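K.L.:
First to last, the sequence lines map onto chains R and F.
Counting the first sequence from 1 gives a position; the numbering used here is that position plus 43.
Counting the second sequence from 1 gives a position; the numbering used here is that position plus 851.
Note that beta-carbon positions come from the ideal geometry of N, C-alpha and C, so glycine has one too.
Note that this is a predicted model, so its numbers are computed, not measured.
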Amino acid sequence: MRSLWEGDNMGEGSFLSKMLTIDRRILYWILVVLIVIPIIRPIGLPIPVSETTRRLYDTLKNLPEGSVLVLDNSVGAIAWAEIGSALETVTKFIASKNFRVIIWSTTSPECGSLTERYLLDIFKKAGKKYGEDYVLIGYVPGAVLALAALARDMRYPRKDFYGNDLDTLKIFEKVRTANDVAAVVLAESGAEGYAYVTQWYAQYRVTILDICTGALVSERMIAYNAGQIKGMVAGARGSAEIELLTGYLGAGISSADALSITHLYLIILVVIGNIAYLEERKVRRGK
Amino acid sequence: MIFDIGVWVAWLFTIFAFSAVLYKENILFKFAQYTFVGVSIGYTIAMGVKTIIDAAWTPITHGEHVYIIPIILGFMLFLRFKKGLEIYSEWAMAFLIAVGAALAIRGNVHAYFFEQITATMLPIVTKDLVTSFNNIVIIIGTLTSMLYFIMTREHKGVLKYPTRIGRIFIMVAFGAFFAGLIMTRLTLIYGRIKFILQTLGLV
């Protein structure tokens, strides 16, 4: 029987040499097929809930009634496909409780429109009153500078997304600084977690709960392990987990099959690619 | 099947964007690419103008004249394009850097220096074997990775093996970061493919 690389070398036309020079469009087409199949016919692969997601859920569940939460929607349009569903799920869970929620972003100009389109209806359906139970301030420019300023005075943007004077809104009665906030639920695709840890956690010890993209997970784990971030929904996988925990099933669960299969596909490609590379190097050195 | 012109425009642009990857670079892909760049820049400019109006101009019209200072500093930034006046743009830049640095130092020293060091001071012996093992890995990983960044001494002798171990830990960290990035990218592709199928009424 012929080995994968035709004996001991990377001969012309061998399987591994072909893999190194394969038209990448073929690999992309296979990827598309692997995504489409589970969308049309879900497989139902198991989804174990990780500790990071469970801690986010438990922290939110155990907050006292009437707590003030900041919901920072810094996801942006590009990352919405990945963690938008997690943010919607967490918002549904928050709306089911008796919390007061202040929504803003200091980095994403799309915060106002995305929140209005995807999140405000959740509060309305839960019977919450605008200005009393929740408020949308929208985009507050200034990133870290703005976060530091908001921690000292949350009314400094003066107006909400609709032009209402913040001083006149009932939700801000006895609420002014970060000391009045029980927790921040941050949905991010950039460096916002870092800014909250330095400006809200380090200065005011506010509980930070993070919903972040997969690309940020390894970076945020440092803050999580140090106890600076109390709970974390990590990327698309975390979206599926939080949906399972809260019972609000949505896009996260349905994407789990496709993502598991495509990850397996990529792992196989990485392994084959590395074996082929090592074989090629061995052959070149032999020559 | 969805009947909404906005949805179909998004559907077409998604197909145009995918066409370069699944077929080859073509005029439709370039059209989608340039439209995206144009729309993004337009949106950013509009948001920038709105920000200046909301954060500075409106307060000035309400009698808070102190906001003239940031507006002047903002205009000074543009002086770098005027020959002979470049130096004034540096004043505004110096102000920005000073404020940024002050804020970074205030938060960073505590959160990312003291607290991170404290977080690695972990007990090696605990009731749970897995926790003990994890703690040992964290301690060895932190120490050896830090040793790897000693640049003033050659990685020989006492430093030889610890720095090699540190390098392995750093590579594992890069691997974890890369894996996270793959998950993000795959989710984006998944979201677009699902959108294509949903628009066609196949899901």
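1. Ignoring anything shorter than 3 residues, give me the beta strand (DSSP E) runs that lie fully in the segment 100 to 133 of chain R, in order along the chain.
2. What do you get for I86/R, buried or exposed, if any count of 16 or more other CB atoms within 10 angstroms of its CB means buried?
3. For K978/F, decide whether its Cβ has a neighbour in chain R, counting only Cβ atoms nearer than 8 Å.
4. The beta strand (DSSP E) with S232/R in it runs from where to where?
5. Using alpha carbons as the reference points, say which of I919/F, L954/F, M944/F, Y918/F lies closest to L930/F.
6. From which residue to which residue does the beta strand (DSSP E) around Y182/R run?
7. Secondary structure at L1051/F, three-state DSSP: helix, strand or coil?
8. If you drop the 5 nearest sequence neighbours on each side, which residues of the same chain put their C-beta closer than 7 Å to that of I251/R?
9. To the nearest angstrom, how far is the alpha carbon of T1003/F from that of Y161/R?
10. Rounded C-beta distance between T971/F and T993/F? I'm assuming under 8 Å.
11. Please go through the same chain and pick out, in chain order, the residues whose beta-carbon is closer than 8 Å to the beta-carbon of I1044/F, but skip the five residues on each side of it.
12. Thinking L1037/F and T305/R are a contact (beta carbons under 8 Å), I'd like their distance in whole angstroms, please.
13. Start and end of the beta strand (DSSP E) containing L252/R?
14. So what does R143/R bridge to, in DSSP terms?
15. Put S983/F into one of helix, strand or coil per three-state DSSP.
16. Kindly say whether E329/R, judged by its beta-carbon, lies nearer than 8 Å to any beta-carbon of chain F.
17. On the criterion of 16 or more Cβ atoms from any shown chain inside 10 Å, does G1052/F qualify as buried, or is it exposed?
18. Please work out which residues of its chain come closer than 8 Å, Cβ to Cβ, to T865/F, disregarding the five sequence neighbours upstream and downstream, and give them in chain order.
19. According to DSSP, is M264/R part of a helix, a strand, or is it coil?
20. Taking just the CA atoms, how far does L873/F sit from L309/R?
21. By DSSP's criteria, M275/R is part of a beta bridge. Which residues make up the other side?
22. Please check if any C-beta of chain R sits within less than 8 Å of the C-beta of G958/F.
23. Relative to the alpha-carbon of K135/R, which residue among S117/R, P107/R, S110/R, L103/R has its alpha-carbon at the smallest distance?
24. To which residues of the same chain is V79/R closer than 6 Å at the C-beta, ignoring the five residues directly before and after it?
25. Note down, one range per segment and in chain order, each alpha helix (DSSP H) of at least 4 residues found wholly within the segment 898 to 961 of chain F.
26. I'd like to know whether the C-beta atoms of I146/R and T132/R end up nearer to each other than 8 Å.
27. Using a C-beta to C-beta distance shorter than 7 Å, which residues of chain F count as neighbours of V240/R?
28. Classify A953/F as buried or exposed, calling it buried when 16 or more other Cβ atoms lie within 10 Å of its own Cβ.
29. Which residue marks the beginning of the alpha helix (DSSP H) containing D164/R, and which one marks its end?
30. Using a Cβ cut-off of 8 Å, pull out every chain F residue sitting near G278/R, in sequence order please.
31. Around the C-beta of R327/R, are 16 or more other C-beta atoms found within 10 angstroms, so that it is buried, or is it exposed?
32. At a CB-CB cut-off below 7 Å, which residues of chain R make contact with K1045/F?
33. Does the segment 102 to 117 of chain R touch the segment 1022 to 1031 of chain F, meaning 3 or more C-beta pairs lie closer than 8 Å?
34. For T850/F, go through chain R and note every residue whose CB falls closer than 7 Å to its CB, in chain order.
35. Between the alpha carbons of I121/R and S282/R, how many angstroms are there, rounded?
36. Tell me S148/R's beta-bridge partners as DSSP assigns them.
P.N.:
Judging by the given coordinates:
1. Segments of the beta strand (DSSP E) lying fully in the segment 100 to 133 of chain R: 111 to 117.
2. Exposed, since its Cβ has fewer than 16 Cβ neighbours within 10 Å.
3. Answer no: the Cβ-Cβ gap between K978/F and chain R never drops below 8 Å.
4. Element bounds for S232/R: n/a, residue is neither H nor E.
5. Ranked by how close their Cα comes to the Cα of L930/F, the residues I919/F, L954/F, M944/F, Y918/F have M944/F in first place.
6. Segment 177 to 182, the beta strand (DSSP E) holding Y182/R.
7. Three-state DSSP puts L1051/F in coil, outside helix and strand.
8. The answer, listed in chain order, is V227, L229, Y239, V240, W243, Y244, Q271, I272, K273.
9. Taking the straight line from one Cα to the other gives about 54 Å.
10. Rounded to whole angstroms, the Cβ separation of T971/F and T993/F is 5 Å, and the two are in contact under 8 Å.
11. Excluding residues within five positions, none has a Cβ falling inside 8 Å.
12. Confirmed, about 5 Å.
13. Looking at the DSSP string, the run of the beta strand (DSSP E) that includes L252/R is 250 to 255.
14. Answer by DSSP bridge pairing, in chain order: V111/R.
15. Note: S983/F maps to helix in three-state DSSP.
16. The residue you asked about is not Glu; residue 329/R is Gly in the sequence shown. Chain F contact via Cβ: absent.
17. Exposed, by the Cβ-count rule.
18. The residues R1043, F1046, I1047, in chain order, have a CB closer than 8 Å to that of T865/F in the same chain once the five nearest residues on each side in sequence are set aside.
19. Residue state, collapsed to three classes: helix.
20. L309/R and L873/F have their C-alpha atoms some 17 Å from each other.
21. In the DSSP output, where bridge partners are listed per residue, M275/R has D253/R.
22. Answer yes: the Cβ-Cβ gap between G958/F and chain R drops below 8 Å somewhere.
23. In terms of CA proximity to K135/R, L103/R leads the group S117/R, P107/R, S110/R, L103/R.
24. If we look at V79/R and ignore the five residues flanking it on each side, it has no Cβ neighbours.
25. If we require 4 residues or more, the alpha helix (DSSP H) runs fully inside the segment 898 to 961 of chain F come out as 909 to 912, 919 to 928, 937 to 959.
26. Cβ distance not < 8 Å, so I146/R and T132/R don't count as in contact.
27. Within chain F, the residues near V240/R are A962.
28. Classification for A953/F: exposed.
29. Bounds of the alpha helix (DSSP H) holding D164/R are 163 to 168.
30. Residues of chain F whose Cβ lies closer than 8 Å to the Cβ of G278/R are, in chain order, G1031, M1034, T1035, T1038.
31. Around the CB of R327/R, fewer than 16 other CB atoms lie within 10 Å, so the residue is classed as exposed.
32. Under the 7 Å cutoff, chain R gives I82.
33. These segments do not touch.
34. Chain F is shown only over 852 to 1054; residue 850/F falls outside these bounds and no answer can be derived.
35. The alpha-carbon atoms of I121/R and S282/R are separated by roughly 16 Å.
36. In DSSP, S148/R forms a bridge with Y182/R.
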